[in-house]
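Before any comments, here is the structure.
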Amino acid sequence: MKTILVPVEEHSLVDSVLETALLLGRRFDSYIEGIAVTFDLPVVLPIDIAIGVPSPVAPETRHEMAATCRRHFESFMRTAGISSSASAGVPGLSFGWRQKDLMDDAFVGSYGRIFDICVVGRPDGSANHPRASTVEAALFEAGRPVLIAAPNVPETLGETVVIAWNRSTETARTVAAAMPLLKRARRVVVLELEGWGVEGPVGADLARLLRMHDLAVEARTIPDPDNRPGEAILAEATALGCDLLVKGAYTQSRLRQMFFGGATSHILARTTIPVLMAH
Numbered sequence: 002m003k004t005i006l007v008p009v010e011e012h013s014l015v016d017s018v019l020e021t022a023l024l025l026g027r028r029f030d031s032y033i034e035g036i037a038v039t040f041d042l043p044v045v046l047p048i049d050i051a052i053g054v055p056s057p058v059a060p061e062t063r064h065e066m067a068a069t070c071r072r073h074f075e076s077f078m079r080t081a082g083i084s085s086s087a088s089a090g091v092p093g094l095s096f097g098w099r100q101k102d103l104m105d106d107a108f109v110g111s112y113g114r115i116f117d118i119c120v121v122g123r124p125d126g127s128a129n130h131p132r133a134s135t136v137e138a139a140l141f142e143a144g145r146p147v148l149i150a151a152p153n154v155p156e157t158l159g160e161t162v163v164i165a166w167n168r169s170t171e172t173a174r175t176v177a178a179a180m181p182l183l184k185r186a187r188r189v190v191v192l193e194l195e196g197w198g199v200e201g202p203v204g205a206d207l208a209r210l211l212r213m214h215d216l217a218v219e220a221r222t223i224p225d226p227d228n229r230p231g232e233a234i235l236a237e238a239t240a241l242g243c244d245l246l247v248k249g250a251y252t253q254s255r256l257r258q259m260f261f262g263g264a265t266s267h268i269l270a271r272t273t274i275p276v277l278m279a280h
């Protein structure tokens, strides 16, 4: 995970996103690149007030929003003692900023395809918080893993990793994407819930094969009597001292999760632990 993309927006959790990205970057001596993002707003040139109301997001406003994000990102990195790099081709822990304009969420999905991972904030639906559309663009369009930063940044990242195993294709992809982190972990727990998931190999099978990568892996199966897998996963991960949760994203459709709920939606909104996801 040598290249990290960080969408930057001036919300209340932006520093927790940057701190989480830096924790990850320090583990892999990564290049961390920031981009300024916003929801998809039309760019309209100001017009005569007698004819109509001008757009509140005129080009000069967008440029200033992007400049504010860049100043915040670069100030954070310099304060942390990270050196600037003109490109991702320079090895070692460094940061950069290439896109000068304010980009929409769709750009996160397309540009993220050339990075190893994208780091975003937890979208709990609150005002002045990270937006779900940014997370979903990264998850569904980039084809790369996404690290969800929790509001409170842990002291460590990836020392104790819990894999929420539901035997799905999405979770299998996420485990594969997490291998660089799993190989550096002190402890890996494959967690299953009774009666949860799809048909496939059980957690003990996954743990057995992960041990062939010289990983310290154990398998646990716990009950979920209330049929609330998101809550059960977060509670058990916290009890285990987890500092990174690995979970496949949206193994049910987004529409179904919107109406009926689901583990992904609950974890995205409530997690207090960084979560690595892929779809």
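Position in the sequence shown (from 1) plus 1 gives the number in this note's numbering.
Positions of the beta carbon are idealized from the N, C-alpha and C atoms, including for glycine.
Cα-Cα separation between Arg71 and Gly263, rounded to whole angstroms: 35 Å
Would the segment 60-67 and the segment 149-165 be scored as touching if the rule is three or more Cβ pairs under 8 Å? no
Using the C-alpha atoms, what's the distance from Cys243 back to Met105? Residue identity differs from the one stated: residue 105 is Asp in this sequence, not Met. Their Cα atoms are separated by approximately 33 Å.
According to the neighbour-count rule (16 or more other Cβ atoms, all chains shown, within 10 Å of its Cβ), is Pro275 buried or exposed? buried
Roughly how many whole angstroms lie between the Cα atoms of Leu19 and Asp117? 16 Å
For Glu171, which residues of its own chain have a beta-carbon under 8 Å away from its beta-carbon, when the five flanking residues on both sides are left out? Gly249, Ala250, Tyr251, Thr252, Ala279 and His280
Taking the alpha helix (DSSP H) that Ile268 belongs to, which residues open and close that run? Ala264 to Arg271
Neighbourhood of Arg99 by C-beta distance below 7 Å, restricted to the same chain and skipping five residues each side: Glu34
Can at least three beta-carbon pairs, one atom from the segment 213-223 and one from the segment 187-195, be found at a separation below 8 Å? yes
Measure how close the beta-carbons of Gly159 and Ala139 come, nearest whole angstrom, since I'm counting them as under 8 Å. The pair is not a contact, with the Cβ atoms about 19 Å apart (cut-off 8 Å).
What does Asp30 pair with, by DSSP beta-bridge criteria? In DSSP, Asp30 forms no bridge with anything.
Given that a residue counts as buried once 16 or more other Cβ atoms are within 10 Å of its Cβ, and exposed if not, what is Leu94? buried
Chain-order list of residues whose beta-carbon lies under 8 Å from that of Pro181 (same chain, five-residue window excluded): Met2 and Phe29
Is Ile83 helix, strand or coil when you go by DSSP? coil
In chain order, what residues of the same chain have a beta carbon less than 7 Å from the beta carbon of Lys101, not counting five sequence neighbours either side? Ala67
Helix, strand or coil for Thr157 per DSSP? coil
Candidates Leu23, Ser111 and Asp16: closest to Gly82 by CA position: Leu23
Coarse secondary structure for Asp16, derived from DSSP in three states: helix
Just to confirm my understanding: we take Ser127, look at its own chain, exclude 5 residues before and 5 after, and list those with CB closer than 8 Å. What are they? none
With DSSP run on the structure shown, which of helix, strand or coil describes Leu103? coil
Using DSSP with H/G/I as helix, E/B as strand and the rest coil, what is Met278? strand
Tell me the rounded alpha-carbon separation between Asp206 and Gly97. 42 Å
To which residues of the same chain is His130 closer than 8 Å at the C-beta, ignoring the five residues directly before and after it? His12, Ser13, Leu14, Gly122, Arg123 and Pro124
Assuming Ala150 is part of the alpha helix (DSSP H), what are its boundary residues? Careful: Ala150 lies outside any alpha helix (DSSP H), inside the beta strand (DSSP E) at Val147 to Ala150.
Roughly how far, in whole angstroms, is the beta-carbon of Leu211 from the beta-carbon of Val189, given that I think they are within contact range, below 8 Å? 7 Å
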